[in-house]
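**Q**
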Amino acid sequence: MSYCSYVSNLPPEEENAHRHYHDYQYGFPLHNDNELFCRLVLEINQAGLSWTTILKKQEGFRRAYHNFDIPTVAAYTDADVACLLQDAGIIRNRLKVNAGLWRRQQFRGSPPALPLFRRPGLYRLQCGRMSGWMPARN
77 MSYCSYVSNL PPEEENAHRH YHDYQYGFPL HNDNELFCRL VLEINQAGLS
127 WTTILKKQEG FRRAYHNFDI PTVAAYTDAD VACLLQDAGI IRNRLKVNAG
177 LWRRQQFRGS PPALPLFRRP GLYRLQCGRM SGWMPARN
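Quick note on the working numbering: the sequence shown kicks off at 77 and runs consecutively.
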């Protein structure tokens, strides 16, 4: 069964995180680096859990990670990481938190920095190249 079929078969009166995700996020291209970073963190945290669990905690992740603002997250200190590990609004697994933040050095621009985090939009292009999607050229 496809995800679209699953969502369309949900009872209409039932509030379901999947309905909103399907109608406003699923399959829509992401053109914002912060939103791509958000999706990366959510996917990392989904490992071993249901997507429903992640969708229900999505707003908690947005609050905890400062709406996935890359420069803000890049400046996180060890104290900020400790706060994430105490935040009941997200998945408080040290390995998952660290996996989502392991590129802080690249975000900050310190060696060995990846240039794609220095200019807006380059992260999106890199993700597109890695997935086989290439932007259209006029």
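Glycine included, every Cβ here is placed at the ideal spot set by N, Cα and C.
Let me confirm a value: Cys159 is counted as buried when at least 16 other C-beta atoms fall within 10 Å, else exposed. Which label applies?
**A** Here residue 159 is taken as the residue at index 83 of the sequence shown, counted from 1. Exposed, by the Cβ-count rule.
**Q** What's the call for Tyr79, buried or exposed, on a 16-neighbour Cβ count within 10 Å?
**A** Here residue 79 corresponds to residue number 3 of the sequence shown, with the count starting at 1. Its Cβ having fewer than 16 others within 10 Å, Tyr79 is exposed.
**Q** Tell me the DSSP secondary structure of Asp99 in three-state form.
**A** Against the sequence shown, residue 99 aligns to sequence position 23. The answer is helix: DSSP assigns Asp99 an H, G or I state.
**Q** With H, G and I counted as helix, E and B as strand and the rest as coil, what does DSSP make of Ala151?
**A** If you number the sequence shown from 1, residue 151 lands on position 75. Residue state, collapsed to three classes: coil.
**Q** By alpha-carbon positions, which one of Leu131, Gln122 and Trp178 ends up nearest to Asp154?
**A** Translated into positions along the sequence shown, residue 154 becomes position 78. Nearest C-alpha to Asp154: Trp178.
**Q** Could you name the residues of the same chain whose beta carbon sits closer than 6 Å to that of Ile167, not counting the 5 residues immediately before and after it, in chain order?
**A** Translated into the one-based positions of the sequence shown, residue 167 becomes position 91. Hits under 6 Å: Asn121.
**Q** Is the beta carbon of Asn110 sitting closer than 8 Å to the one on Asp145?
**A** Walking along the sequence shown from the start, residue 110 turns up at place 34. Walking along the sequence shown from the start, residue 145 turns up at place 69. The answer is yes: Cβ separation under 8 Å.
**Q** Just to check my reading of the structure: Leu118 and Phe137 have Cβ atoms closer than 8 Å, yes? What is that Cβ distance to the nearest angstrom?
**A** Reading the sequence shown from its first residue, position 42 is the one you call residue 118. Reading the sequence shown from its first residue, position 61 is the one you call residue 137. Confirmed, about 6 Å.
**Q** Find out if the Cβ-Cβ distance for the pair Leu106, Arg95 is shorter than 8 Å.
**A** Sequence index remark: in the sequence shown, residue 106 carries index 30 (1-based). Sequence index remark: in the sequence shown, residue 95 carries index 19 (1-based). It is not a contact, given that the beta carbons lie outside the stated cut-off.
**Q** Under the rule that 16 or more other beta-carbon atoms within 10 Å means buried, what is Lys62, buried or exposed?
**A** There is no way to answer for residue 62, as the model of the chain reaches only from 77 to 214.
**Q** Buried or exposed: where does Met77 fall if 16 or more other Cβ atoms within 10 Å of its Cβ makes it buried?
**A** One-based indexing of the sequence shown puts residue 77 at position 1. Met77 is exposed by the Cβ-count criterion.
**Q** For the stretch 92 to 139, list the alpha helix (DSSP H) runs that are entirely contained and at least 4 residues long, ordered along the chain.
**A** Whole alpha helix (DSSP H) segments, 4+ residues: 93 to 100, 109 to 122 and 127 to 132.
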